[in-house]
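**Student:** Have a look at this one before I ask anything.
Listed below in structure tokens is the structure:
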């Protein structure tokens, strides 16, 4: 190695942000192992690289002792003083033992160390970048599928979309471009492993922040979300500014904003509803698009009893109970839905005396 090698290390330091001193220390440690391996040396050794010229020297290290028990590791006081009169028992004798053909081995070893350290540094940089993006959206391109895991190219790194984070109704074709939510970034021996999701509610929230400036700026606040990924979601919003309509801001002109989110989620239906501090009104809003006649709140049992017009009952409950289920998840209330006719009949049953006709009203 020579001065050009030192210049190369300095260039790597600038471009890859890997300290020259760290590289030099790693190379020196690797050269000691290479020396022992290639020259069958069991003695203690030290390698020094000149910081300016790149010249490499190998030194053997022996402890100076009164009585020598292992000649490979120890030297007598008399022999040591013959080489350096200042040495005494307990000191270390350092002698240069650089092999003639060590330069070739050194160059090869140094290259391997540098490549490894650069790779480690790049992996570290990728880990730092993506670990800070946990809970954020990343855009990538589908590469391939391995053991039901979808691998997504993020440019600098590759992310894994595991089966449990995939939307059952979606198909992931090679070269498809899509947004995913970073769930977790792990350190592994093969570099950082980035786990992403298409089902996480955070994906929906981040998409609203991307598409709706008022949400991004904090003017409109997302108070709650309930999501059945790939099927339907409900988002409760509230405006912190009196003259800003939270529903209009999120839906956008001609529904363009919410439609962009629907397209990204490949057709998932999204109900944007207005959050209300009054629990009864919030429950009524959450059952949108169904119209609600009345809501009776049981604070103790956390049950909201809802009455809807007869023709709205199936809409309020939703296909396979989906609308009512999402509303309950969004509001935190157990929702009991009755049609107007059912509610009237139940009220009459309560008024009817046991085993008799309904009581007549007193004159």
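Residue numbers (the working numbering): 9 to 371.
For glycine and all other residues, C-beta sits at the position ideal for the given N, C-alpha and C.
If you're wondering where the values come from, they're calculated on a predicted model, not measured in any experiment.
Rounded to whole angstroms, what's the CA-CA distance from residue 339 to residue 172? Just pull it up for me.
**Tutor:** 26 Å
**Student:** If you drop the 5 nearest sequence neighbours on each side, which residues of the same chain put their C-beta closer than 7 Å to that of residue 336?
**Tutor:** Around residue 336: 342 and 343.
**Student:** Under the DSSP definition of a beta bridge, which residues are partnered with residue 306?
**Tutor:** 311
**Student:** Would you mind sorting residue 163 into buried or exposed? The rule is 16 or more other CB atoms within 10 Å of its CB.
**Tutor:** exposed
**Student:** Leaving out five residues on either side along the sequence, give the residues of the same chain with a beta carbon under 6 Å from the beta carbon of residue 144.
**Tutor:** 190
**Student:** Distance, Cα to Cα, residue 372 vs residue 244?
**Tutor:** Coverage of the chain is limited to positions 9 through 371, which leaves residue 372 absent and any answer about it impossible.
**Student:** State the start and end residues of the unbroken beta strand (DSSP E) segment that holds residue 119.
**Tutor:** Counting along the chain, residue 119 falls outside any beta strand (DSSP E), though it belongs to the alpha helix (DSSP H) covering 110-139.
**Student:** I'd like to check one pair, residue 330 with residue 239: are the Cβ atoms closer than 9 Å?
**Tutor:** Their beta carbons are under 9 Å apart, which means residue 239 touches residue 330 by this criterion.
**Student:** Count the other C-beta atoms from every protein chain shown that fall within 10 angstroms of the C-beta of residue 251, then say buried if there are 16 or more, exposed otherwise.
**Tutor:** exposed
**Student:** For residue 353, count the other beta carbons within 10 Å of its own beta carbon; 16 or more makes it buried, fewer makes it exposed. Which is it?
**Tutor:** exposed
**Student:** Provide the residue(s) that pair with residue 84 in DSSP beta bridges, ordered along the chain.
**Tutor:** 73
**Student:** Going by C-alpha distance, which of 347, 309 and 106 is nearest residue 44?
**Tutor:** 106
**Student:** Spatial neighbours of residue 370 within its chain, please: C-beta separation below 7 Å, excluding the five flanking residues on both sides.
**Tutor:** The predicted model places residue 370 with a pLDDT of 45, which falls under 50 and marks its position as unreliable; any figure quoted below should be read in that light. So no residue of the chain qualifies.
**Student:** Does the beta-carbon distance from residue 170 to residue 156 come in below 9 Å?
**Tutor:** yes
**Student:** Do residue 295 and residue 280 count as a contact pair if the criterion is CB distance below 9 Å?
**Tutor:** no
**Student:** Whose C-beta lies closer than 8 Å to the C-beta of residue 270 among residues of the same chain, with five residues either side of it excluded?
**Tutor:** Exclusion of the five residues before and after residue 270 leaves 276, 277 and 278 as the residues of its chain whose Cβ lies within less than 8 Å of its Cβ.
**Student:** For the putative contact between residue 134 and residue 165, defined by C-beta atoms under 8 Å, what is the C-beta separation to the nearest angstrom?
**Tutor:** Residue 134 to residue 165, Cβ: 5 Å. Contact.
**Student:** Could you check the C-alpha separation between residue 65 and residue 87 for me, to the nearest Å?
**Tutor:** 23 Å
**Student:** Under three-state DSSP, which class holds residue 249?
**Tutor:** Note: residue 249 maps to coil in three-state DSSP.
**Student:** Please report the distance separating the alpha-carbon of residue 256 from that of residue 320.
**Tutor:** Rounded to the nearest angstrom, the two C-alpha atoms are 25 Å apart.
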